[in-house]
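Read the structure below first, then the notes.
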Amino acid sequence: MSRIVEDTQRVPATLAGARLDQAAAELFSDYSRERLKAWINAGELTVDGAQAKPKAKLHGHEVLTLQATIEDDTRFEAQDIALDIVYEDDTVMVINKAAGMVVHPAAGNPDGTLLNALLHHHPALAEVPRAGIVHRLDKDTTGLMMVAKTLPAQTALVDQLQARSVSRQYDAVVIGKPVSGSTIDAPIGRHPKDRKRQAVTASGKPAITHFRVVERFRAHTHVRCKLETGRTHQIRVHMAHARYPLIGDPMYGGRAKLPPGAAEPLKEILREFPRQALHARKLIFKHPVSGETLTFQADLPDDLLMLLDYLREDNETMR
Numbered sequence: 001m002s003r004i005v006e007d008t009q010r011v012p013a014t015l016a017g018a019r020l021d022q023a024a025a026e027l028f029s030d031y032s033r034e035r036l037k038a039w040i041n042a043g044e045l046t047v048d049g050a051q052a053k054p055k056a057k058l059h060g061h062e063v064l065t066l067q068a069t070i071e072d073d074t075r076f077e078a079q080d081i082a083l084d085i086v087y088e089d090d091t092v093m094v095i096n097k098a099a100g101m102v103v104h105p106a107a108g109n110p111d112g113t114l115l116n117a118l119l120h121h122h123p124a125l126a127e128v129p130r131a132g133i134v135h136r137l138d139k140d141t142t143g144l145m146m147v148a149k150t151l152p153a154q155t156a157l158v159d160q161l162q163a164r165s166v167s168r169q170y171d172a173v174v175i176g177k178p179v180s181g182s183t184i185d186a187p188i189g190r191h192p193k194d195r196k197r198q199a200v201t202a203s204g205k206p207a208i209t210h211f212r213v214v215e216r217f218r219a220h221t222h223v224r225c226k227l228e229t230g231r232t233h234q235i236r237v238h239m240a241h242a243r244y245p246l247i248g249d250p251m252y253g254g255r256a257k258l259p260p261g262a263a264e265p266l267k268e269i270l271r272e273f274p275r276q277a278l279h280a281r282k283l284i285f286k287h288p289v290s291g292e293t294l295t296f297q298a299d300l301p302d303d304l305l306m307l308l309d310y311l312r313e314d315n316e317t318m319r
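For the sequence shown, UniProt numbering gives the first residue as 1, with consecutive numbering after it.
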């Protein structure tokens, strides 16, 4: 199903000289800049009845007319899938995502996703693009995600992400022993030979990851990462680029590294750890309505706690 959105706004004198896409973002603030730009390019957002380019300069007093179609997410099935809801009010939710849960349906995962679960939990999310999802975690990454329950809230949260004002912290267990924390500032884009992977590449988009050491082990390190940008697989790509790949990462991690003389239980968990050792532990953002700063934290899941316990035991045994 789909619905038509219609609105008309006159450009005030204060926006004289502004670009069309900039003025549209001010006057139709319920919608994201990306969506508005697409509508401008499609001729669904016009200036005095005529199509214009997003960068067209305005003189003031023009009439902007919006007549566009929004596809509802009723094309996806609502499914009764358990969610770990950390926080919820009328406009926003915070989810603690489990390992193995895909965020959005795709060719290989047509259902059983977070989106399907959200549509069951709150059917009105069918009227919000992507059922309110504003950012993603990889299938096997656990931890905190924010979800918008209304279109204006989604726009506000996306704007915060684009402005880099959302704080996202992750815990990871990596192969190797960094001397200290560091900042990795390296652009990320599609891998030139493997389209399923990302890579550090000169043609990629800017990507910045800060990390610090939490706990050291004989051949591994527990690190805490803070994202300044949000590229696909960013922490996994950046830590591998720095030669500290995540334990259990089949795409970027390579073979398990076994400390010399390690006990069999540790060897087994290092060889068989079923996912990348990555958890979105902390999330800070401004509430899209009240403006209040909200802070959430999710404890490490059991599999990562067990991994760290085995690494600590190895440290103690081999001293």
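We put the beta carbon where it would ideally sit given N, CA and C, even for glycine.
So for residue i, helix, strand or coil by DSSP?
i: residue 145; result: strand
i: residue 68; result: strand
i: residue 18; result: coil
i: residue 292; result: coil
i: residue 40; result: helix
i: residue 50; result: strand
i: residue 271; result: helix
i: residue 281; result: strand
i: residue 84; result: coil
i: residue 62; result: coil
i: residue 45; result: strand
i: residue 6; result: strand
i: residue 246; result: strand
Please list, in chain order, all residues of the same chain as residue i whose beta carbon is under 7 Å from its beta carbon, the five residues on each side excluded.
i: residue 25; result: 33 and 36
i: residue 232; result: 198
i: residue 322; result: Outside the displayed range of the chain (1 to 319) lies residue 322, so it cannot be described from this structure.
i: residue 161; result: 134, 135 and 230
i: residue 117; result: 79, 81 and 83
i: residue 110; result: none
i: residue 158; result: 32 and 134
i: residue 270; result: 247, 256 and 258
i: residue 216; result: 177
i: residue 156; result: 288
i: residue 132; result: 118, 125, 147, 148, 149 and 154
For residue i, I'd like the list of residues in its chain whose CB is within less than 6 Å of its CB, leaving aside the five on either flank, ordered along the chain.
i: residue 219; result: 257 and 259
i: residue 55; result: 19
i: residue 332; result: Only positions 1 to 319 of the chain appear in the structure, and residue 332 is not among them; the question remains open.
i: residue 267; result: 258
i: residue 60; result: 11, 13 and 16
i: residue 114; result: 101 and 103
i: residue 6; result: 67
i: residue 253; result: 245 and 246
i: residue 262; result: 314
Once you ignore the five residues that flank residue i on each side, which residues in its own chain have a CB closer than 8 Å to its CB?
i: residue 296; result: 86, 87, 94, 144, 282, 283 and 284
i: residue 164; result: 228 and 229
i: residue 203; result: 187 and 189
i: residue 21; result: 33, 36, 37, 40, 54 and 55
i: residue 279; result: 141, 142, 143, 170, 171, 172, 298, 300, 301 and 304
i: residue 181; result: 210, 211, 212, 213 and 223
i: residue 128; result: 73, 148, 149, 150, 151 and 154
i: residue 58; result: 11, 15, 16, 17, 18, 19, 20, 23 and 47
i: residue 242; result: 178, 182 and 184
Can you find a heavy atom of the ligand HEM that lies under 7 Å from the Cβ of residue i?
i: residue 77; result: Of ligands this structure carries none, so the ligand HEM is not represented either.
Please classify residue i as buried or exposed, where buried requires at least 16 neighbouring CB atoms within 10 angstroms.
i: residue 293; result: exposed
i: residue 234; result: buried
i: residue 305; result: exposed
i: residue 316; result: exposed
i: residue 318; result: exposed
i: residue 97; result: buried
i: residue 168; result: buried
i: residue 69; result: exposed
i: residue 272; result: exposed
i: residue 8; result: exposed
i: residue 138; result: buried
i: residue 63; result: exposed
i: residue 207; result: buried
i: residue 89; result: exposed
i: residue 288; result: buried
i: residue 314; result: buried
i: residue 236; result: buried
i: residue 175; result: buried
Since I believe residue j is in contact with residue i (beta carbons under 8 Å), could you give me their beta-carbon distance rounded to a whole number of angstroms?
i: residue 152; j: residue 30; result: 5 Å
i: residue 42; j: residue 301; result: Incorrect: roughly 43 Å between the Cβ atoms, too far for contact.
i: residue 148; j: residue 134; result: 6 Å
i: residue 276; j: residue 299; result: That pair is no contact at about 18 Å.
i: residue 92; j: residue 146; result: 6 Å
i: residue 76; j: residue 123; result: The Cβ separation is near 12 Å, so there is no contact.
Of all the beta strand (DSSP E) runs that stay within the bounds of the UniProt domain "Pseudouridine synthase RsuA/RluA-like" (92-241), which reach a length of 3 or more residues? 92-97, 142-148, 167-175, 182-185, 188-190, 198-200, 208-216 and 220-227
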